[in-house]
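Undergrad: Going letter by letter, the sequence shown gives residues 29 to 421 in the working numbering.
Starting off with a structure, shown below.
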Amino acid sequence: MIDLHRLQGGIKNYLGDFTVFRKSLEQLSHSDFKELLSGRKCLLYGANGYTGTLVARKAHALGLSPILAGRQEQFIMPLATELGCSYRIFNILNGDEANEQLNDIDVLINCAGPFPPNTTTLLESCLANAVHYLDINGDLTTLVNVQRFHSQAQKTGIVLCPGVGFDVIPTDCIAATLKHALPDATSLSLGFEVHGKLSPGSVKALYNAVANGCQIRQNGLLIPIPFGYHIRHIDTKQGKKVTTAIPWGDLASAFFSTQIANIECLYPVNATHLTWLKRLRWFRGLLKLPWLKKLAYLYISSRFQIPNHIERQQSVTYFWGEVKNASGMIKRASLEAADGYDLTVAGVLLALQFLLNYAGEGGYFTPSQLMGRNCVESLPNTSNIRITTQSPS
Numbered sequence: 029m030i031d032l033h034r035l036q037g038g039i040k041n042y043l044g045d046f047t048v049f050r051k052s053l054e055q056l057s058h059s060d061f062k063e064l065l066s067g068r069k070c071l072l073y074g075a076n077g078y079t080g081t082l083v084a085r086k087a088h089a090l091g092l093s094p095i096l097a098g099r100q101e102q103f104i105m106p107l108a109t110e111l112g113c114s115y116r117i118f119n120i121l122n123g124d125e126a127n128e129q130l131n132d133i134d135v136l137i138n139c140a141g142p143f144p145p146n147t148t149t150l151l152e153s154c155l156a157n158a159v160h161y162l163d164i165n166g167d168l169t170t171l172v173n174v175q176r177f178h179s180q181a182q183k184t185g186i187v188l189c190p191g192v193g194f195d196v197i198p199t200d201c202i203a204a205t206l207k208h209a210l211p212d213a214t215s216l217s218l219g220f221e222v223h224g225k226l227s228p229g230s231v232k233a234l235y236n237a238v239a240n241g242c243q244i245r246q247n248g249l250l251i252p253i254p255f256g257y258h259i260r261h262i263d264t265k266q267g268k269k270v271t272t273a274i275p276w277g278d279l280a281s282a283f284f285s286t287q288i289a290n291i292e293c294l295y296p297v298n299a300t301h302l303t304w305l306k307r308l309r310w311f312r313g314l315l316k317l318p319w320l321k322k323l324a325y326l327y328i329s330s331r332f333q334i335p336n337h338i339e340r341q342q343s344v345t346y347f348w349g350e351v352k353n354a355s356g357m358i359k360r361a362s363l364e365a366a367d368g369y370d371l372t373v374a375g376v377l378l379a380l381q382f383l384l385n386y387a388g389e390g391g392y393f394t395p396s397q398l399m400g401r402n403c404v405e406s407l408p409n410t411s412n413i414r415i416t417t418q419s420p421s
């Protein structure tokens with residue numbers, strides 16, 4: 029189990045009140061990142077994917093030249109040439125290749141999916157070469173897996189911080205903020221609602237989450253439950269919502285951040301959604317069949333289009349959370365943020381900026397443990413976290 033007080037205390041000793049990192053990414057200059065990089069190397073794996081390309085372009089605009097990497101040269105080389113970046117081609121599932129390509133790297137940003145198959149080998153290579161690890165993963169299984177490397181990362185002195193994007197910075201910060209507001213909380217609910225367009229990669233991640241089944245956390249343990257049967261009615265700034273449990277990564281990250289033993293992740297649904305979710309219990313196992321998964325991926329790639337800049341600008345995401353203690357005291361939190369892809373890009377670069385300044389202990393960290401529970405508020409087009417209180421009746 030992670031010692032939260034040790035982690036948070038260690039970070040405070042090295043970095044004070046974190047004020048320097050609350051500077052908006054929009055205010056960063058070329059010299060900021062160039063000075064921070066100072067001869068160190070950052071490798072961006074999966075740079076040819078939709079989110080990876082957005083990260084690469086924004087990093088370049090801020091004066092940073094990460095090494096771009098992926099499995100296929102025909103997809104990586106054009107972007108590297110356009111941005112004036114060097115590039116490397118290797119398969120992260122091949123430990124020997126990964127070790128060879130990471131032996132001179134300081135920070136690895138993993139934007140390649142799907143995450144469950146690729147993390148173990150890559151983490152072992154990061155440990156072997158003392159490379160800090162960041163990713164944009166929100167997969168529950170993967171977040172649990174990365175945490176298992178905590179002790180080894182401590183010994184090596186490297187930071188492992190998955191989920192530094194839309195998954196899971198906003199909800200992780202809400203969870204940590206609520207825990208701070210109600211330290212004796214015994215239950216935590218987290219939710220979000222997206223008003224915008226999903227990329228094919230995001231839809232594939234949702235497919236994998238559905239295939240793996242729904243879960244909640246009870247008494248510290250992950251408990252499988254049927255889809256569509258855990259329902260809650262939530263009052264949000266956008267009105268009353270019918271929500272149902274989803275197997276989101278916060279079941280892991282929020283638990284590591286808060287140690288609250290009972291956690292549920294919720295998403296708004298309508299009657300049609302609920303009907304289909306309930307039907308999943310009868311054929312969910314089929315979704316893991318390789319041939320069906322391949323067909324589903326092909327369909328998703330043809331059916332869902334990458335959101336353009338205008339569509340991202342018009343998108344908004346709402347986040348909320350609630351904690352309750354044994355006495356019935358309730359604290360609620362809410363937050364509005366930019367489009368999920370732009371939020372992810374900003375989150376990745378914030379985490380990279382932080383690590384380039386970092387001189388603390390190694391180990392596994394959630395975003396709020398590493399960068400502070402208010403770090404999401406430093407991201408562009410993101411509101412402050414608002415807290416309300418409901419006293420016991």
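C-beta: ideal position from N, C-alpha, C; glycine also.
List in chain order: all unbroken beta strand (DSSP E) runs of 3+ residues lying wholly within the stretch 328-399.
TA: Annotation: the stretch 328-399 contains the following complete segments of the beta strand (DSSP E) (minimum length 3 residues), in chain order: 344-353, 358-365.
Undergrad: Pick from Ser355, Thr416, Ser406, Leu407: whose alpha carbon is nearest that of Ser362?
TA: Thr416
Undergrad: If distances are taken between C-alpha atoms only, which option among Leu380, Ile358, Phe284 comes closest to Ser215?
TA: Ile358
Undergrad: Sorted by chain position, which residues of the same chain lie with C-beta nearer than 8 Å to Ala89's C-beta, five sequence neighbours on each side aside?
TA: none
Undergrad: Using the beta-carbon count (16 or more within 10 Å), is Arg176 buried or exposed?
TA: exposed
Undergrad: Within this structure, are the beta carbons of Ile133 and Leu71 separated by less than 9 Å?
TA: Yes.
Undergrad: Give every residue of the same chain whose Cβ lies closer than 7 Å to the Cβ of Cys154, excluding the five residues on either side of it in the sequence, and list them in chain order.
TA: Leu130, Leu136, Tyr161, Ile186
Undergrad: Quick one: what's Phe220 bridged to in DSSP?
TA: Phe347
Undergrad: Please report the residue range of the beta strand (DSSP E) in which Leu206 lies.
TA: Where Leu206 is concerned, there is no enclosing beta strand (DSSP E), although the alpha helix (DSSP H) it sits in stretches over 197-209.
Undergrad: Measure the CB-CB distance between His223 and Tyr369 and report whether it falls below 9 Å.
TA: no
Undergrad: Throw me the rounded Cβ distance for the Val344 and Glu364 pair, which I believe falls under 8 Å.
TA: Indeed they touch by this definition, with Cβ atoms about 6 Å apart.
Undergrad: With distance defined between alpha-carbon atoms, name the residue in Tyr73, Glu128, Trp304, Thr79 nearest to Glu101.
TA: Selected option, being the one with the closest Cα: Tyr73.
Undergrad: What residues are listed by DSSP as bridge partners for Ser215?
TA: Partner(s): Asn290, Lys352.
Undergrad: Taking only the alpha-carbon atoms, compute the straight-line gap between Ala379 and Cys189 and give it to the nearest angstrom.
TA: 9 Å
Undergrad: Just mark Ala299 as buried or exposed, buried being the case when its beta carbon has 16 or more other beta carbons within 10 Å.
TA: exposed
Undergrad: My parser needs the beta strand (DSSP E) runs of 3 or more residues fully inside the stretch 56-134; what are they?
TA: 70-73, 95-98, 115-117
Undergrad: Whose CA, out of Asp278, Gln287, Lys268, Ile288, lies closest to the CA of Val297?
TA: Lys268
Undergrad: Measure from the alpha carbon of Phe194 to the alpha carbon of each residue in Arg414, Pro420, Val373, then state which is nearest.
TA: Measuring from the Cα of Phe194, the nearest candidate turns out to be Val373.
Undergrad: CA-CA distance, Leu249 and Gly91?
TA: Here the alpha carbons of Gly91 and Leu249 stand approximately 44 Å from one another.
Undergrad: Looking at Leu294: is its Cβ nearer than 9 Å to the Cβ of Thr272?
TA: yes
Undergrad: Would Gly256 pass as a contact of Leu305 if the rule is Cβ separation under 9 Å?
TA: yes
Undergrad: Beta-carbon separation of Ala181 and Gly400 under 9 Å?
TA: no
Undergrad: Which residues in the same chain have their Cβ closer than 7 Å to the Cβ of Ala324, if we skip the five residues on either side of it in sequence?
TA: Tyr235
Undergrad: Among the candidates Ala126, Gly67, Ala387, Leu107, whose CA atom is the shortest distance from the CA of Val83?
TA: Leu107
Undergrad: Three or more C-beta pairs closer than 8 Å, one from the stretch 280-292 and one from the stretch 196-214: is that the case here?
TA: yes
Undergrad: For Glu405, collect the residues of the same chain with a Cβ closer than 6 Å to its Cβ; drop the 5 residues on either side in sequence, then sort them by chain order.
TA: Asn412.
Undergrad: Kindly indicate which residue of Thr148, Ile104, Ser114, Leu96 has the alpha-carbon position closest to the one of Leu121.
TA: Checking every option, the nearest Cα to that of Leu121 belongs to Thr148.
Undergrad: Less than 9 Å between the C-beta atoms of Met209 and Arg245, yes or no?
TA: First, the amino acid is wrong: residue 209 is Ala here, not Met. Their beta carbons are not under 9 Å apart, which means Ala209 does not touch Arg245 by this criterion.
Undergrad: Under a three-way DSSP split, which group does Tyr161 fall into?
TA: Looking at Tyr161 - three-state DSSP - the assignment turns out to be strand.
Undergrad: Quick one: what does DSSP say Leu151 is sitting in, helix, strand or coil?
TA: helix
Undergrad: Could you check what DSSP says for Arg307 in three-state terms: helix, strand or coil?
TA: helix
Undergrad: Do you know offhand how far Gln341's Cα is from Ala354's?
TA: 42 Å
Undergrad: Gly267 bridges to which residues according to DSSP?
TA: In the DSSP assignment, the residues bridged to Gly267 are Thr264.
Undergrad: How many angstroms separate the CA atom of Gly241 from the CA atom of Leu314?
TA: 12 Å
Undergrad: For Gln243, write down the residues that DSSP places opposite it in a beta bridge.
TA: Pro252
Undergrad: Just to confirm before moving on: does the CB-CB distance between Asn119 and Arg99 stay below 9 Å?
TA: yes
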